[in-house]
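The opening position of the sequence shown corresponds to residue 2 in our numbering, with each subsequent residue numbered one higher. For each residue, glycine too, the CB sits at the ideal point set by N, CA and C.
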Amino acid sequence: MTTKKTNIATVLANLQTTSSGYDLIRYIGIPDMLGQESDLILYVMGKKLARQAECISIEEIQEFFQHVGWGGELALSQEKRRGGYLFELSGSIIQARLQTLEKIDFQLEAGFLAETINQISEKDCESIAEIKKDHVILHVLFD
């Protein structure tokens, strides 16, 4: 095994895969190995990925989500007056996952979004995912 530090941008530029392999690992392998702790670990993993990805705008977050296969479209649907944002994650990939998978979560995406908005706004953020019939609402809350 190599010990060379891997840059996320390099990985994204050079590796192209289908999402089915990712889905098997993400929704079957990881929960099986981590059990009840998988939600928390995926959330923290999303935050750590965000620190490495260094997105500096909403547009870069949207491009990242699309490039890594986290959904066809991440749209900022509302900016809350009391501190926060609502994002809608939708598209054919999201619909297929929601229709196919028995247990599904979006903790990795929520953690990534919370940390990235934290970096952009310089406010402590948390994010929760609300699963709808054919899309996901990601609530990003800050002080």
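The Cβ neighbour count for THR101, taken over all protein chains shown within 10 Å, is under 16; the residue is labelled exposed. Inter-residue distance for LYS104 and GLY36 is about 12 Å (C-alpha atoms, whole angstroms). Of all C-beta pairs linking the segment 81-98 to the segment 42-51, fewer than three are shorter than 8 Å, placing the two stretches out of contact. Short of 6 Å from the beta carbon of ALA130, and not among the five residues preceding or following it, lie these beta carbons of its own chain, in chain order: PHE107, ALA111, VAL137 and LEU139. Annotated three-state conformation of PHE107 is coil, per DSSP. Residues LEU99 of the same chain have their beta carbon placed closer than 8 Å to that of LYS134, with the five preceding and five following residues left out of the count. Each residue's CA atom was taken as its position, placing GLU123 and ALA54 some 16 Å apart. Within the same chain, PHE113 come within 6 Å of LEU50 by CB-CB distance, once the 5 residues on both sides are set aside. Counting C-beta atoms within 10 angstroms of its own C-beta, GLY84 has fewer than 16 neighbours from the protein chains shown and is therefore classed as exposed. Under the DSSP definition of a beta bridge, GLY85 partners with LYS81 and LEU142. Within a 10 Å sphere around the beta-carbon of LYS81 sit fewer than 16 other beta-carbons, which makes this residue exposed. The secondary-structure analysis by DSSP pairs LEU75 across a beta bridge with LEU90.
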